[in-house]
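Just so you know, the sequence shown maps onto residues 11 to 90 in this note's numbering. What follows is one structure encoded as structure tokens, with my remarks underneath.
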Amino acid sequence: MNWLLLRGLAREQTHWGVFPSRLQSAFPGSRIRFLDLPGTGTEFNRDSPLTVGAIAADLRERWLTSAERDPEDTWGIIGI
11 MNWLLLRGLA
21 REQTHWGVFP
31 SRLQSAFPGS
41 RIRFLDLPGT
51 GTEFNRDSPL
61 TVGAIAADLR
71 ERWLTSAERD
81 PEDTWGIIGI
């Protein structure tokens, strides 16, 4: 199982703190990826959409076109 970590409330991937390393220790063969919301973290230079639906659509589009994602892999999502 691989993991996609999503952090809401205008937070970015660094706000996960030590959790990703602990998750990696618990699942040593897993890949852990992050998607920052538009306007935060790695996406700081983009405008944030005005609705939750538009933010979700942005995340979905970026995830589905991600070069890091292999369609054959199994992924779980952890979000706050």
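For glycine and all other residues, C-beta sits at the position ideal for the given N, C-alpha and C.
Using the beta-carbon count (16 or more within 10 Å), is residue i buried or exposed?
i	result
residue 70	exposed
Quick one, are the C-beta atoms of residue i and residue j less than 9 Å apart?
i	j	result
residue 43	residue 15	yes
residue 90	residue 45	no
residue 65	residue 13	no
residue 22	residue 60	no
residue 63	residue 56	no
Below 8 Å, is the gap between the Cβ of residue i and the nearest heavy atom of the ligand MG?
i	result
residue 25	You won't find the ligand MG in this model; it holds no ligand whatsoever.
If I'm right that residue i touches residue j with Cβ under 8 Å, what's the distance once you round it to whole angstroms?
i	j	result
residue 84	residue 11	5 Å
| request: Would you mind listing the alpha helix (DSSP H) stretches within the stretch 28-82 that are 4+ residues and don't spill past its ends, in chain order? | output: 29-36 and 62-74
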